[in-house]
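Numbering (my numbering), first residue to last: 19 to 694.
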């Protein structure tokens, strides 16, 4: 019996023949050419006695698109099992390997079936967007249905789907690879599979940061093994001799989740961490380069541990002998990042740091640091920097989107200075960064401050207000590795300053504000150099004392003792003024007034030096009349040298530059004049 065409369900058949060649053998043989959509072919076999064989095979290997082929059925008329054979031609079809949840596109070639046993020629397809050669066989056994797939390709790593563009741009070349997939489908249990992939990355070049950098031409074998089931899989492997990895993955709701993973730079496969986390034991890293590459993907994924269709562990533990970040090398670093309700906690410990950072989804970030040593070494602004100061990289730093930060540091070394205890609450609002609760407490001295840094298209300005105080000014200076001629003197300084420019780079001609200085009883025992003497040199007080030492060596040669130094200083457009700098000394009192031009670095000061004398009416009147000295009370208990004892006061004019001041005596009153 022959028929030119017929419908087998929704599948079209043509050139159909049905023959019973031998009635004694009771067998019906049917041959047909068939064509139809892949799902329709599947549905047809599921409605026939072949649903447990061919139907099962097509359930696990689902074909999309139109297919054609030949079908041969051997149907026993005595009720025995039907035998089906045939050939299927694929032309630009898709193939879903259901146990793997993975689809091959643009599939071309032929495969044959003998009941549930399938075998293919070498098929061509696209997998993950790249060409691959595929062959497969299936075997129907008594206990399970088995599928074996062979794969071969030469892929470009830069074209892997889901790869961040910044990473893809750093990869070049292609890698030949081959793989084998063995799928086991028990008749009464869950599916399982084993996958082995081997590749040679010799022709691949990588400009990723270390340890994933690699020149083309350098051999790097890659081996990956996967075993798992419908709910997830374990993946282990190695790249070269030193990099080994171990991971556990799961499937859920169209998402692939990396549940646990470990990467080791060393021999042997690392064990999986006991909890759901990613453990990385890596060689030295350039953190700045890695952050630059991964920041866009991290921003897209946020703190949820999700990037694209992949979920990653919310706990990451990283160990590295060295991490380059923020212009500094951090040594023997252990870093733990954990996603928690409402934010992320980062714990870090190493030779230079021990602390924790709480990154809140809303509200201020909180940094609690036990100790910190931070001394960045940034490249200069004229070179092509590898570690660039982020604040110096641009004329403007946008504060928009900056988080608020509450900093508490118990022991901080910053830029080579031991600051001791440091606290600060920093908030960002629009174009303004505000400092509240600023504190530096060295144990020898203490500074409290508030301030702001504002910048926009029209202006950039900084303001700082606070107090400096301590029991001994020389101990405070020594704590910072400095020296000062002022000894054993308590100090209390109030300041309220503002200027145009960045906090660390003021425009000197915009320096404005006031300072109130109160230094208690102490001694000036050395007039040597050093950065801490800059305040004295600012008004050429050190130069004045050196001249007094020269003129009156018997009085000033062994140091200058004082009960107090007080002054109020105000600055206007970079010119500092004072009219009441008063040194209440034991050997003499010194009053100074005038101005210092910080822009031109020029001096214009007047100084009056008076010995210790009794406060008679004549002397008091003389001092009040003198506009430079003003009202002053002098007292001392030291027996002065005869020459100095004959002098009532000396007046000096200080001019010239701050680096080379000129001191001229303009008046000397003998003590005998006081009785007139």
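Virtual Cβ for every residue (Gly too), placed ideally from N, Cα, C. Quick caveat, the model's predicted, so the values are computed rather than measured.
Buried or exposed by the 16-neighbour rule on C-beta atoms within 10 Å, applied to residue i
i	result
residue 41	exposed
residue 282	buried
residue 236	exposed
residue 633	Note that residue 633 has pLDDT 34, beneath the 50 cutoff, so the model's placement of it is unreliable and the number below is only indicative. With fewer than 16 Cβ atoms within 10 Å of its Cβ, residue 633 is classed as exposed.
residue 278	buried
residue 259	exposed
residue 380	exposed
residue 416	exposed
For residue i, the first and last residue of its enclosing beta strand (DSSP E)
i	result
residue 493	Premise fails: residue 493 lies in the alpha helix (DSSP H), 491 to 497, not in any beta strand (DSSP E).
residue 185	Counting along the chain, residue 185 falls outside any beta strand (DSSP E), though it belongs to the alpha helix (DSSP H) covering 183 to 186.
residue 535	530 to 537
residue 686	679 to 688
residue 424	423 to 432
residue 223	223 to 225
residue 391	383 to 392
residue 266	261 to 270
residue 356	346 to 358
residue 622	620 to 629
residue 290	Neither: residue 290 is in no beta strand (DSSP E) and is coded neither H nor E.
residue 239	239 to 247
residue 478	478 to 488
residue 253	250 to 257
residue 472	464 to 473
residue 418	Here residue 418 belongs to no beta strand (DSSP E), and DSSP marks it neither H nor E.
residue 541	540 to 542
residue 590	578 to 590
residue 43	Neither: residue 43 is in no beta strand (DSSP E) and is coded neither H nor E.
C-alpha distance - residue i paired with residue j, whole-angstrom precision
i	j	result
residue 204	residue 77	14 Å
residue 289	residue 265	9 Å
residue 525	residue 518	6 Å
residue 625	residue 611	7 Å
residue 177	residue 240	18 Å
residue 124	residue 150	10 Å
residue 361	residue 294	18 Å
residue 100	residue 43	14 Å
residue 391	residue 619	35 Å
residue 554	residue 601	Because the pLDDT of residue 554 is 47, which lies under 50, any placement of that residue in the model is unreliable, and the number read from its coordinates should be weighed accordingly. Those two C-alpha atoms are separated by around 12 Å.
residue 103	residue 89	6 Å
residue 680	residue 509	29 Å
residue 93	residue 48	8 Å
Backbone secondary structure at residue i - three-state DSSP
i	result
residue 522	coil
residue 676	coil
residue 527	helix
residue 107	strand
residue 440	strand
residue 365	strand
residue 78	helix
residue 116	helix
residue 37	strand
residue 595	strand
residue 51	strand
residue 704	Residue 704 cannot be examined here, being either before or after the span of the chain that is shown, 19 to 694.
residue 281	strand
residue 100	coil
residue 214	strand
residue 304	strand
residue 176	helix
residue 757	The structure shown does not extend to residue 757, since the chain spans only 19 to 694, so no value can be given for it.
residue 58	helix
residue 451	strand
Assumed close pair residue i, residue j - CB separation to whole angstroms, cut-off 8 Å
i	j	result
residue 621	residue 676	6 Å
residue 218	residue 200	In fact, because the Cβ distance is near 23 Å, the residues do not count as touching under 8 Å.
residue 128	residue 105	6 Å
residue 698	residue 81	No statement about residue 698 is possible, as the shown extent of the chain runs from 19 to 694 and does not include it.
residue 34	residue 46	So it is not a contact: roughly 12 Å between Cβ atoms.
residue 535	residue 511	5 Å
residue 373	residue 393	Actually they are not in contact, since the Cβ atoms of residue 373 and residue 393 sit about 16 Å apart, beyond 8 Å.
residue 221	residue 210	34 Å between Cβ atoms; not a contact.
residue 464	residue 487	6 Å
residue 470	residue 450	6 Å
residue 540	residue 507	3 Å
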